[in-house]
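Input: a single structure, listed below in structure tokens.
Protein chains in written order, with my numbering: chain X, 22 to 709; chain S, 22 to 709.
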């Protein structure tokens, strides 16, 4: 509080960095519609409603700050959206399955039903999102990460964007396991958009206590994961990890609170809509509780982690290659700029014809939806030993070896095909998440290893026959899912997410071991993660991603990248000089130097004070100088031109200063604000 | 890397902030004993061993950086210590129980056995720790939190301290549930001491790549919790929470890795020493998996959270009162400074005579150890309904209603008595943790509520009779434990700890809800947490705690608290002035101003360069000035005297700058380093 008394510029910067100071009094006025809008009709009823609303606000305010209601609303709203989306997608998927079953008998009609339904959905989704909001394609996580470093990207927080992303994502998800894309990434983005909207609402209700939108965005990123899966703690860990260098602990409790609200709402909605007797995890498993795993199996889990790490490196390489390819191949560039719907339709048709259950799809369990795929892979019974015994057919096994092929072949074929199909699907211009497919892919890797271990053990090799009957391939699938998705995204929260999704705490240690080792392998040599690659490809001003592309880049001295010559005032400036500066500069803080010759930085004056000074001079027609009338505020933190971009960035985003002056030996050199930092980073990204 | 090229002072500051620059070359030389010690005997074998060691180092270095081996060693060592301690304490407790049983028949002998055994242990522990290392009493968490803000407290990281704390803690724990103190806090401290030692070792092996000790300490604080309970993720969350304002994400992966190593080692050791077939959680529970709780019970869990929050406020008030009382009461002051052993013995004798199973102890299940108490409280069967039916006696119930009193009476009596007994036990000058007792106390609150709900429901009131049989009071106990311990420490990680301790993921949502609400109530009005109160009472230089005691304190401008007049050089300084400054100042970075009149800060020179300059002048007998010979390094970040202590503190601890110059309008005013910050905070703490 006190600091803002001394640095009035800091507070005003929050809300009006991009608008002129002179408009500010009107803006503030407009922001309180509850209090004054005299020209509107029905004054009497409006006044009564206003009075009641103010009373409600007072009552709510006594319990806790208005922002906490915002956090609760954020959690509940996001969970509601998530539940609605799940419901719609389930209905659309069931409609597809119903149609496909009805057409039983005619192979051609079944083929067209199988391929055209997702192709049309994706073409529609692609065209829709392209026309309404072209930014809405892709995951959204790279953009969210960029916004969380403090850089403003207003396009990515608009309500139109929210609407487009929501509908587009439904189309993508309804295309099912054919397209093999997920929900998490866009949902994190949707959650931040809801967060941004609620932040504006809070600012409207309680105009005095404006807080930086960034806090709400950090909370929202945690809520996105939490309400997508009903996994509050993994959500918070994701929120911690998604921050680039420092996690502000002020956001920790709000994140937990909002995530808990979101997860609770999501679980309650699922419970009320379903037939269970209690709140359940999303993917119920039936792991044995008495002997979940032998301690020596830890070594196998460690090997699984390394395997997942290695496969993830291969996948990330292919992904980076296709990102480059879509940027350089002229045919693809043309297709992806003008004929998005056609491209989406064609690619999805191609993918769907491959997964058609009467063609290669029979070896890939393609009849399963994404959720069924994961549930089947996490099944705790041993398929490879059961498939010998034809009389005992297990439900999940039914689909994986429907063509009579061995399960291991099906799994290997699934892994081989889905690798490049997923890479291809990543080029689709649709709102789509890339986490869930990777999670399922990892589960398949784990399952394959698990089944192989069971097979080898039942032969009497290695762990021995007496162990074989107690081995649980589902545990390997779970560990594999966490390890592979963690390796692809370079995060550790998937380990906790895997636990929260299944409620299987017994496997916590093996999951953690595999995830850590997979991450260690994937992060070697400072390779970019999946999201880093997307950010680099989109040239987003996200410093940690740019660092992956060019390690020396964050160490560029700020002196080298400072922008155009800075407008400044000397202490003895008269009205003419002040008028010139006010006209030519749009910054809210104008630096004041001792004299134009010495350039010794004294501090800054606020734009509003300069305007007052000008008005004062006009009315009183006096020829006073700046020093006599205006208060020169001391600068907060001063950088030298030899400070690196990284240091400037972390001071801006961590210390919360809005404007940093750069001075060399006391002489003013330049000024860095968040918009200026955005420009600097965008310039640096261009050169990569 | 590049930044350190430009600011050589920054790197040297890490290792030699307290020692003179001139000794540095010798110091570095001494730090590489592997390479050169020509005067020692057995040169030939030593050379061979050296060669092998260097080869091993090279091999290890190719896999990953040396610090990762350090993190692994930290986890494994801490887990080993934790396991050893558990083993010793279990043996000592069994010896006590055996003796007590052998004396069956003679009430007086039994009384003396019951009271004198813990009293003697505590008196010994108190006297031992007082004589060897007087700082080793108490929890250690407040000191660790202070060290994690970057402030050096070398006394708290010595090996003697580690040894004293370890032995003292064994004495405290062996006194059992009579003294009712725990292990976590001191173990976090022990872990940081091990971390500090391993950090020194790493620096010795790889002298080129020294890293700040702070990183290892952050990791160690997570490992402490993880290897105390085998709970890796809760450990990491504790590590995040224990940081005052910003968690550096660079420490996130190491924390996870080291915690996983610690937890895995701890689980494996427990497995090998026990008779289980697999790795188990510390407190096995038998909660029903089909219907863990009804969704409507969430409301009861929320009420439990609020109840725990309210009780925690009361407890914290009593705790703060007794802390003040021990500081102001002259008798206690005298006792606690000179007669620590006597005081400990007397208090423990008093506590033990109260818990004697033939006196009030029979209503408090005092025969149970801490571990048995928690296990009994987490039992999922309903005591209140079972105790009506005398023929079915449950094992945990046996002790809680051994005197034939109703269970609810026993629980209420336990809560009432343990409240003040725990407050009294907190004054004991012993190495002791205060988390576990609080955790058990919370479990008792939850159990009491759970049993009450079962009783009321079985009467047909509220939730109804058909629900009553499915209610699980153990779930309430678990949620209560997390909520109460979270409220007392103002943290949320106990929620995850409760899950990891019991493996009961089914209760994740209720636990989270209660913990959040309890925290919300406990944190209202910026009351200090348990650890804050300890830090304030000990006058530690920990800014967030001081803020709780005096909210305006962190907003003190640095200009007001800057120390003595700063030594500075002018650009044209000759050898005489340089000699004077080198003699009078001990800083490694000496500021250089334009001239003593203008005081415009140009940058700084390193002490080592000044010494070189002097040598240069002496040998060549030239009268050169500073500007001609030395390189004036630009200052990194410059503060103004109007910046607050909080801002300076966060820049120091977050941005990683080691020396901050303070300048007003280009003129040098002062300099802030971490030791200087420590002095400032200690001065500020004095005034509270």
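Don't be surprised by glycine CBs; every beta carbon is placed ideally from N, CA and C.
Given the structure is predicted, the values throughout are model-derived calculations rather than measurements.
Chain S contact for residue i (CB, 9 Å cutoff)
i	result
residue 44 (chain X)	Summary for residue 44 (chain X): the model assigns pLDDT 42, below 50, so the residue's position carries little reliability; its value from the coordinates is reported in the next sentence. For residue 44 (chain X), the answer is no, since every Cβ of chain S falls outside 9 Å of its Cβ.
residue 254 (chain X)	yes
residue 551 (chain X)	no
residue 302 (chain X)	yes
residue 492 (chain X)	no
residue 664 (chain X)	yes
residue 236 (chain X)	no
residue 612 (chain X)	no
residue 524 (chain X)	yes
residue 470 (chain X)	no
residue 133 (chain X)	no
8 Å Cβ cut-off: residues of chain X touching residue i
i	result
residue 588 (chain S)	None at all; the shortest Cβ gap to chain X is about 19 Å.
residue 656 (chain S)	661
Pair within 9 Å by beta-carbon distance, residue i and residue j
i	j	result
residue 265 (chain S)	residue 528 (chain S)	no
residue 546 (chain S)	residue 663 (chain S)	no
residue 336 (chain S)	residue 443 (chain S)	yes
residue 507 (chain S)	residue 513 (chain S)	yes
residue 279 (chain S)	residue 92 (chain S)	yes
Proximity test, Cβ basis, 9 Å: residue i and chain X
i	result
residue 244 (chain S)	no
residue 685 (chain S)	yes
residue 95 (chain S)	no
residue 672 (chain S)	yes
residue 675 (chain S)	yes
residue 401 (chain S)	no
residue 56 (chain S)	Unreliable positioning characterises residue 56 (chain S) in this predicted model, as indicated by a pLDDT of 48, which lies under 50. The coordinate reading is nonetheless provided below. False, the Cβ-Cβ gap to chain X never drops below 9 Å.
residue 278 (chain S)	yes
residue 648 (chain S)	no
Alpha-carbon to alpha-carbon, residue j and residue i
i	j	result
residue 351 (chain S)	residue 361 (chain S)	14 Å
residue 673 (chain X)	residue 69 (chain X)	45 Å
residue 436 (chain X)	residue 315 (chain S)	41 Å
residue 440 (chain S)	residue 433 (chain S)	11 Å
residue 698 (chain X)	residue 670 (chain X)	7 Å
residue 39 (chain S)	residue 206 (chain S)	In this prediction, residue 39 (chain S) has a pLDDT of 39, which is less than 50 and means its spatial position is unreliable; what the coordinates show is noted afterwards. Answer to the nearest angstrom: the Cα atoms are 29 Å apart.
residue 590 (chain X)	residue 222 (chain X)	38 Å
residue 128 (chain X)	residue 445 (chain X)	27 Å
residue 284 (chain S)	residue 516 (chain S)	18 Å
residue 55 (chain X)	residue 224 (chain X)	Because the pLDDT at residue 55 (chain X) is just 46, under 50, the model does not fix this residue reliably, and the point stays unresolved.
residue 198 (chain X)	residue 395 (chain X)	11 Å
Bridge partners - residue i, DSSP secondary structure assignment
i	result
residue 581 (chain S)	BP columns for residue 581 (chain S) are empty, so no partner.
residue 626 (chain X)	X:611
residue 286 (chain S)	In the DSSP output, where bridge partners are listed per residue, residue 286 (chain S) has none listed.
residue 210 (chain S)	None, per the DSSP bridge assignment.
residue 649 (chain S)	According to DSSP, which records beta bridges pairwise, residue 649 (chain S) is partnered with nothing at all.
residue 659 (chain S)	X:659 and S:682
residue 590 (chain S)	S:613
Amino acids of chain X, ordered along the chain, whose beta-carbon sits closer than 9 Å to that of residue i
i	result
residue 262 (chain S)	270 and 273
residue 284 (chain S)	529, 530 and 533
Within chain S, partners of residue i - CB distance below 9 Å
i	result
residue 288 (chain X)	316 and 530
Cross-chain neighbours of residue i in chain S, by beta carbon under 8 Å
i	result
residue 267 (chain X)	267, 268, 269, 270 and 675
residue 621 (chain X)	621, 686 and 687
residue 520 (chain X)	526
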